Amino acid sequence: MLWLAGIALALIVAIWAHLAFWNRRLDDSEQLPYDEFHRLELADGAPCELRRLKAQGDVKLPPILMIHGIAFNHRNVDANAERSLPRWLRSRGRDVWLLTLRSGLPECARDNRVTFESMVRQDLPVAVAEVLKRTGAAELDCLGFSMGGMLLYAWLGTATERTPVRRVVIMGSPGLVRSPLRWL
């Protein structure tokens with residue numbers, strides 16, 4: 009019976025060490041600065057958020073909207089200042105906007121309004137319209153990571169009218185690419 013208590017104690021220590029490691033590793037206490045923050049209220053009452061990293065100087069290219077993956081938020085692509093794609097893009101003259109979908113907000117965690125369809129029909133179009141309104145741009149570029157890319161597939165694939173999206177980059181999203189040469 010003593011061996012069982014020893015195993016239980018070892019398991020508890022291992023779990024504690026594991027949680028302590030990941031808590032330190034994933035600590036988001038580093039609050040990165042943003043030039044603008046906007047909390048948007050969607051038609052069904054759910055919120056989403058936009059954060060802006062404003063380009064310095066004369067901006068010649070359209071803004072970029074970055075969309076995070078599942079079970080995360082804008083920090084998915086902006087975890088720390090040294091390894092931040094949005095901050096690197098801003099340093100290259102791009103106006104970068106980070107979208108936090110309703111699925112990435114703690115208050116929506118157990119909300120039945122958090123569906124793939126609701127994010128396609130509301131979160132993306134509202135965020136795109138808000139970025140265009142605030143920048144005065146006629147079009148924008150989008151970068152979707154994982155589920156963010158899937159949302160872009162769905163939104164652009166079902167759009168009935170022309171969207172203001174100039175270019176799309178999809179990172180880490182599932183997809184099917186057929187060879188133009190079927191026998192290869």
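Position one of the sequence shown corresponds to residue 9 (this note's numbering), numbered consecutively onward. Ideal Cβ placement from N, Cα and C applies to all residues, glycine included. On a predicted model such as this, the values are computed, not experimentally measured, just so you know.
- In the three-state reduction of the DSSP assignment, Asp43 falls in the coil class, being assigned neither a helical nor a strand state.
- At the C-beta level, Asp131 and Cys56 come within 8 Å of one another.
- Counting of Cβ neighbours within 10 angstroms places Ala89 among the exposed residues, the total staying below 16.
- The C-alpha of Lys68 lies about 26 Å from the C-alpha of Thr108.
- If you compare the alpha carbons of Leu106, Leu148, Arg129 and Pro188 with that of Asp52, the shortest gap goes to Arg129.
- The stretch 69 to 101 contains, as complete alpha helix (DSSP H) runs of 4+ residues, the segments 93 to 99 (chain order).
- Note on Gly101: under 16 other CB atoms within 10 angstroms of its CB, so exposed under the neighbour-count rule.
- Spanning the alpha carbons of Ser181 and Gly165 requires a straight line of approximately 15 Å.
- Cα atoms of Ile78 and Arg110: separation of roughly 10 Å, rounded to the nearest angstrom.
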